[in-house]
Structure formats: C-alpha cells, structure tokens
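Okay, structure first, notes after.
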Amino acid sequence: MLGILISVIAIQQKYVEVYNFGYGNVAIPPNDWQEYYWAILVKGYPNATVFYNGKFVNLQNVCNYTLPVTSYYTYVVKGYEEPYAFLSPISMFLILTGTLIGFKGTTLFFQERILGKDLVKGYAVGGSLTRYALKRLSSSLVSLVLVFVVIIILEYLHGRNPYYALLEFLEFNAGVSSYFKVSITSLILTTLSYTTLLLGISFSLTVYLSAFLVIYGLQSPLISKIMDKWKYIGSALASWVFAMIIIYLLHFFTGLLPYGTPKGDILSYLVMPVISLFFPFIGIFVNRMLTAIPKTSFSIKGLDRKIVIYRHVLGNATVVMLSSISSAFVEMLLAEMLVEGIFQWPGFGLLLKYAVFNGDYKVVEGSMLIYSTLTVLSNFVTDLVYGVLDPRVTR
Amino acid sequence: MRRRFVVVFIIFLIIVSISVFFDVYRLPKGKPLQPPSYQYPLGTYIDGSNMINVNAIAIVNTLMFGGLVGVGEVTLALIYGIIAGAYGGIVRSVMVRFIDALNSLPRLPLLLSIALFYGVPTGNSLKANFFLTILIVMFTGWNIYARQITELVYTSSVGKSTRRILGKVDIKLVFRSVMRQGLTLLVPSSIDGIATYTGMGVIGGVGDPNYPTLTTLLNTASHLLYDWWMFLVPAVFRGIVLVLLLVLADEIRRL
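Quick note, the sequences are listed as chains A and B, same order.
Basically the numbering used here = 1-based index in the first sequence + 1.
Basically the numbering used here = 1-based index in the second sequence + 193.
Printed below as a string of structure tokens:
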C-alpha cells in the first residue's frame, strides 16, 4: 500500500514557471529548464514566452529567440511538472518487497487459521545473511556492468565518444532527448511514476488473489484444473490483445469507461489497464505456483492430510513461489509496457514507443539501462527477502 | 503416438494449408473498412483487401518468422551447448558464464536499440527488414536454449564417456544423442520468436510492410478500435495459432 501511495504522490503535478533574465539581441531560455520533471506525456510540452521592451512573444518551442532590438528580456518557460517523480523508483521497490512479504504473510495467515500457530512455526537453520547478500550483490553488479558495456558499444556505433558516454551513463544521466528536447532522466522518472502506479495495483492484486486461489486450489481439483487450462488462455489472450477487446467493449460499445491519457479523475482511467493485466496473468501465476507443489506427497507420513498439505507441502512451496514472483514481476512489467501503448497510459512503455517511432536512440538506451537496473535490483531484493524468509538458502 | 498430439497437429496443418492457399489465391477487394458481411465474411482491411487474404498472409508470415527464429536458435544452441557440455571443466564454466551474462541483458530494449540501426522511423512505426529482424531475434534468444542443452549434455555424461573411451570428444556421437531433445525445443523457440516480435511490434511498431504478421494487423487495428473486425479476427487467429503451438510443444515434450 505504501508503494502505491508513494506512486500516487509521484504522479502529482503542479504548474511551474522558470525564468531567465538577460540583456542582448538573443533571448536564451533558463539554463536548467530541461532538467525539470515536465509531465510531457500527460500535459504536453512546456510553453515559452519572451518579454522585452513592454512586448511579449509566445513561442511554439523552447529555443533561442532573436530579438528585433538589443534589450533587456525575460524568458519564461511554463508548464506542468511532476515534482515528486524522483520517488517512483522507491515506490517500485516498495511494491515488489511489500508484495513478496504480503504473499508470505497471506499464506502464513491461512496456514495459522487452518493448522493453528504452533504447527506453522519453522525451524530452518541458515548461514550468514551478510555473506549471502554480498554474494548476490556481486552477481547483480556483474549483470549491470555488462549492460553498461553493451550500451557503450551501441553509443560508439552511433558515433559517440565511448568515454563521455560511459561517464554520462555512470551518473545515470543519458543526456537530452533528440525528440522530446528535455533531460532523458526526467522523462524516464516522470513516466516511471505512472508505470509504477499501474504495476503496483495490478501486480499486488494478482499476487494476493493468486495466493487465495492456490490455497483453495490445493483442496479443489476443479480450481486446479481451471487454472491449468487458463495458462493457455493467458498466453493466447495476451494482455495487449485483451486490452483492445476491453477498450472496444467498455469504451466504444458501452461507453462505460474513459480511454486515453488520463485527464482529471485517474481512477476511471486505471480500471481497463488493470483488468487487462490482471486477467491473463492470474491464470499464469496460479498455474505456475500450483505446478511448484508436488502432488504425490499428500498421503505419506501417516499424518493428517491438512498438516501434510498446509504445513509441509505449502510451507516449502511458498518459498519456491517467492522466486517465481520476482520473475513474474519482470514479466508483468514487460506486459505493462505493451499495454501502455494501447491505452495511451503515460508510462515507460508509451515513452519507449514514441522514442522508437521517432528514432530517439538515446531514450531507448536510457530505458534499457533503467529497465535492467530495475530488473537486477528487483532480483536482488527478492533474493534478500528469500534469504530472510528461508534461511536455508543462505547456507 | 498420443491422440491429443495427432489431433492438434492435424488442426495445425489444416490452418497452415488454408492460410497458404489464401496467401496465393486472392479474393476480390472491396471498399476499405467494410464490416463482415455475406460477401466479405471477415470484413475488409484499410486498403479494401479481403480480410481472409490479409489474415492468411499474416498467419503464414507469423509462422515463417517463428519457424526461422526457432531453427536458428536451436541450431546455435545445439552447437554451443554440445561444445560446452561435452568438453566440461573450465570450457563449460567459461561458456556457461557467457550465456548467463547474455541472459542478464534486457532483451526487448536491446532489440529495439539494434533495430534502430537498420530500421526507418516513420513517426508512427519503425520499418525494419523482416529477415534482419529474424537474425537479431535469433542472436539474442539462442542462449536460453544453449543453457538447457549444455546441462543436458553435461549431465548425460556422453561427452565424458566418449572422451574416456575414445581419448577425445566425439562431437557427432554427442550430437546424435541430444538431437532428439534439442528438436523438442524447436516449437518453444518458435513461440519465443513470435512473442518477441510481438513485443517489438507492439512497443516499437517494428514491422516490415512487405511481410505483415498478425502483430502488424493488431498494431494497425489499435488505431481503429471502433472497427472491431480489424482486431478481433487477427486476435482470434493469433490465439488459435499460439494455443496450438503451446499444446504441440507440451505434447512433443511428452512423446
């Protein structure tokens, strides 16, 4: 919930004006205007106005403007920005970690309700968590280094000096977008906040409901069977295909829900993207979790069936499921990138779409860096949570 | 042979045959964007083409893309996996680390970055040569299967045995022993190829106008959502083709 709340804060917009005062025959925009977190995909480009000698000129783009006479001038860049967009990566990690812990918590809650507190306690012995964390961190860093190397090679092939490119990317500053004309970091952060909001709701909803369905699926062969078939439906009806169908049904045919870039009430714009991500994924997730549970051990040990299923089988399977949730997170992020383009949801996927459509390779490379960083860090976070919840893996 | 496999395979062959037929045999054109009717059972496309032809061509191209990617990926994976698995030791360690490193790269943004080198951005799509795209998808996807084949060869100990008995690794013998399992990867790698191209198409509008796939049709339809036959028909065909391929992959694994 905290992750979703922070992502809601991250998408808040406010109107800002950035000024530059000067003297000369060319009016120059403020130095740092490109670094602001402009909400370009939602509110459009910032506008520019130049005041000089009691007159003013509205400009189509923010660029240098040649004045008819040498004079004092005021250059104003105005538009909407997302001042808290920098919070979006934090909210993304909170969503992942929160969902992982929440998933374990939900299954523990059900185990306790069914078996009682004493039978749920674990007695696993682990090794050093610090050593385990360092080991995981080093492998994450190796993956990130490789991504840097590939990006530098791509930059070199585009004719850029690899040394300067490396310095820029090491600072996570990919420069200025050739199409959007603003800082790539600001573009990525402002769009990531929308991606995080949508992902946070769809992902947590899917994982929590999966936990319920898995628990009931263990005792009901019907649910288990439905979920087994649902994996085919989920794969055939990919999120983005499903997105088109529900846009037609809920927007064009019935007119129930709005579609497009959110204007005003964001909740109504969220419904269709959430459904389109949730519906195909729930079957895939539950099926993946159910296949992680061995079905042959139900009758062994001479114990009560409930204890065998909920204490031994589910207890061990939940830990295995945690690692599959991490890969599911990355899969859903990818699916969301596809869906965003269909719904015109102003997230990371829509940014990537515009960048590719207009040959803005630096935005694509910046997105690649951010995407891999998120993936690598989310795997690292999962490994850490996994290590805390199941100390056996730290041995 | 399992009955389910035979049934699914026959349905798959029927769909492919019908698609190939309507890829060659062109039905009369009509006015652009006509809804389904007696004359045009699946409606007409934006250029007035009969949607039966348009979907048939798209199915053939989609399967061609997947098939070529699948063959390429499995071939590369077999070569790499057999060498890594059969020689074992330091050779395997280094080669496996290399595969793991490749696996950590974000595939879709990487593919889009590469496609920008040879593709032409049009403002609402990226025109990219169909066969070059097959190559880049193939070269970024083989590693997943190479890892599986490496482990298969390594654990089956064929490499070690031939080395011990013959004094050297008999690659041909190892190849023969894993070829069957390698071929079972053909359908999953084809599905992977189709899914990856779909990702490139939906996010970056990557496509070749000369070789429209089902994704190309759905991408076009995403701007014309009111004309339901534009997306629903390709979506149904895409669903059918993918489900058939998934079931085939499951069945081949069990054979």
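Glycine residues also receive a C-beta, built at the ideal position from the N, C-alpha and C atoms.
Which residue from the options puts its Cα closest to that of residue i?
{"i": "B/Tyr233", "options": "B/Val434, B/Val440 and B/Met423", "result": "B/Met423"}
{"i": "B/Leu435", "options": "A/Val272, A/Ala239 and A/Ser368", "result": "A/Ala239"}
{"i": "B/Pro221", "options": "B/Phe202, B/Ser242 and B/Val209", "result": "B/Ser242"}
{"i": "A/Val78", "options": "A/Thr67, A/Thr100, A/Tyr46 and A/Lys56", "result": "A/Tyr46"}
{"i": "A/Phe94", "options": "A/Ser179, A/Phe381 and A/Gly388", "result": "A/Phe381"}
{"i": "B/Ala294", "options": "A/Thr107, A/Val150 and A/Tyr73", "result": "A/Val150"}
{"i": "A/Val17", "options": "A/Leu6, A/Pro84, A/Thr71 and A/Gly4", "result": "A/Pro84"}
{"i": "A/Leu385", "options": "A/Gly265, A/Ser89 and A/Leu138", "result": "A/Leu138"}
{"i": "A/Thr374", "options": "A/Trp39, A/Val143 and A/Pro163", "result": "A/Val143"}
{"i": "A/Ile285", "options": "A/Gly103, A/Leu3, A/Leu155 and A/Asp229", "result": "A/Asp229"}
{"i": "A/Ile91", "options": "A/Leu190, A/Lys44, A/Leu268 and A/Pro281", "result": "A/Leu190"}
{"i": "A/Ser203", "options": "A/Val357, A/Leu97 and A/Tyr74", "result": "A/Leu97"}
{"i": "A/Gly80", "options": "A/Leu60, A/Tyr74, A/Leu68 and A/Asn48", "result": "A/Asn48"}
{"i": "A/Met338", "options": "A/Leu352, A/Ala329 and A/Tyr387", "result": "A/Leu352"}
{"i": "B/Phe430", "options": "B/Phe368, B/Thr389 and B/Ile245", "result": "B/Ile245"}
{"i": "B/Gly281", "options": "B/Gly236, B/Val264, B/Thr343 and B/Gly223", "result": "B/Thr343"}
Going by DSSP, what residues sit across from residue i in a beta bridge?
{"i": "B/Leu345", "result": "Partner(s): none; B/Leu345 has no beta bridge."}
{"i": "B/Val495", "result": "With chain B covering only 194 through 448, there is no way to say anything about residue 495 of chain B."}
{"i": "A/Ser72", "result": "A/Gly25"}
{"i": "A/Trp39", "result": "A/Glu82"}
{"i": "A/Tyr20", "result": "A/Val77"}
{"i": "A/Lys184", "result": "First, the amino acid is wrong: residue 184 of chain A is Ser here, not Lys. DSSP output for A/Ser184 lists A/Val177 as bridge partner(s)."}
{"i": "A/Tyr66", "result": "A/Ala28"}
{"i": "A/Tyr53", "result": "A/Lys56 and A/Tyr74"}
{"i": "B/Thr237", "result": "B/Asn243"}
{"i": "A/Lys15", "result": "A/Glu82"}
{"i": "A/Val382", "result": "BP columns for A/Val382 are empty, so no partner."}
{"i": "A/Pro259", "result": "According to DSSP, A/Pro259 bridges with nothing at all."}
Rounded to whole angstroms, how far is the Cβ of residue i from the Cβ of residue j, which I believe are closer than 8 Å?
{"i": "A/Val19", "j": "A/Trp34", "result": "5 Å"}
{"i": "B/Tyr454", "j": "A/Phe253", "result": "Residue 454 of chain B cannot be examined here, being either before or after the span of chain B that is shown, 194 to 448."}
{"i": "A/Ile246", "j": "A/Leu101", "result": "With a Cβ gap of about 31 Å, A/Ile246 and A/Leu101 do not count as contacting."}
{"i": "A/Gly440", "j": "A/Lys354", "result": "Given that chain A is displayed from residue 2 to residue 396, the structure contains no residue 440 of chain A and the question cannot be resolved."}
{"i": "A/Thr207", "j": "A/Ile283", "result": "5 Å"}
{"i": "A/Ala336", "j": "A/Ser194", "result": "With a Cβ gap of about 19 Å, A/Ala336 and A/Ser194 do not count as contacting."}
{"i": "A/Ile29", "j": "A/Asn62", "result": "Not really, about 14 Å apart at Cβ, beyond 8 Å."}
{"i": "A/Val9", "j": "A/Leu200", "result": "That pair is no contact at about 13 Å."}
{"i": "B/Pro229", "j": "A/Met369", "result": "Their Cβ separation, rounded to whole angstroms, is 42 Å, which puts B/Pro229 and A/Met369 out of contact at 8 Å."}
{"i": "A/Met290", "j": "A/Val215", "result": "5 Å"}
{"i": "B/Val201", "j": "B/Val440", "result": "5 Å"}
{"i": "A/Pro263", "j": "A/Tyr270", "result": "4 Å"}
{"i": "B/Ala414", "j": "B/Pro427", "result": "7 Å"}
{"i": "A/Leu42", "j": "A/Thr186", "result": "Not really, about 15 Å apart at Cβ, beyond 8 Å."}
{"i": "B/Asn403", "j": "B/Phe310", "result": "The Cβ separation is near 19 Å, so there is no contact."}
{"i": "A/Asn21", "j": "A/Leu68", "result": "With a Cβ gap of about 13 Å, A/Asn21 and A/Leu68 do not count as contacting."}
Can you determine whether any heavy atom of the ligand ADP sits closer than 8 Å to the C-beta of residue i, and answer yes or no?
{"i": "A/Ser221", "result": "As for the ligand ADP, it is missing from this structure, which has no ligand bound."}
Count the CB pairs spanning the region 263-271 of chain B and the region 334-343 of chain B that are closer than 8 Å, and state whether there are at least three. yes
Select from the region 314-341 of chain B all residues with a C-beta closer than 9 Å to any C-beta belonging to chain A, and list them in chain order. Pro314, Thr315, Gly316, Asn317, Ser318 and Leu319
Assess, as a yes-or-no matter, whether the region 382-399 of chain B is touched by the region 202-217 of chain B under the definition of 3 or more beta carbon pairs within less than 8 Å. no
Any chance the region 357-377 of chain A sits against the region 177-192 of chain A, with 3 or more Cβ pairs inside 8 Å? yes
Three or more beta-carbon pairs under 8 Å between the region 255-263 of chain B and the region 376-388 of chain B, yes or no? yes
Quick test of the definition: if touching needs 3 or more C-beta pairs under 8 Å, does the region 340-353 of chain A touch the region 264-284 of chain A? yes
What residues in the region 394-408 of chain B have a beta carbon less than 7 Å from any beta carbon of chain A? Val395, Ile396, Gly397 and Gly398
Taking Cβ-Cβ distances below 8 Å as the criterion, which residues of the region 132-145 of chain A are in contact with chain B? Val143 and Ser144
Using a Cβ-Cβ cutoff of 8 Å, what residues of the region 362-383 of chain A are near chain B? List them in chain order. Tyr362, Val365, Glu366, Ser368, Met369, Tyr372, Ser373, Thr376 and Val377
For the pair the region 318-326 of chain B and the region 158-171 of chain A, tell me if three or more CB-CB distances fall below 8 Å. no
Indicate whether the contact test is met: 3 or more Cβ pairs, each with one atom in the region 276-290 of chain B and one in the region 244-258 of chain B, closer than 8 Å. no
According to a CB-to-CB cut-off of less than 9 Å, which residues of the region 156-172 of chain A neighbour chain B? Leu158 and His159
Which residues, in order along the region 336-366 of chain A, keep a beta-carbon less than 7 Å from a beta-carbon of chain B? Met338, Leu339, Gly342, Ile343, Gly350, Leu353, Lys354, Val357, Phe358, Asn359, Gly360, Tyr362, Val365 and Glu366
Does the region 360-380 of chain B come into contact with the region 284-304 of chain B, if we say contact requires no fewer than three beta-carbon pairs (one atom in each stretch) closer than 8 Å? no
What are the residues in the region 418-436 of chain B lying within 8 Å of chain A by C-beta distance? Leu418, Tyr419, Trp421, Phe424, Leu425, Ala428, Arg431, Gly432, Ile433, Leu435 and Val436
Is the number of C-beta pairs between the region 200-215 of chain A and the region 398-416 of chain B that are closer than 8 Å three or more? no
Any residues in the region 288-299 of chain B with a beta carbon nearer than 7 Å to a beta carbon of chain A? Which ones, in chain order? Ala294, Ser297, Leu298 and Pro299
Near-chain B residues of the region 77-106 of chain A - C-beta to any C-beta below 8 Å: none
Members of the region 203-237 of chain B near chain A, C-beta cut-off 9 Å: none
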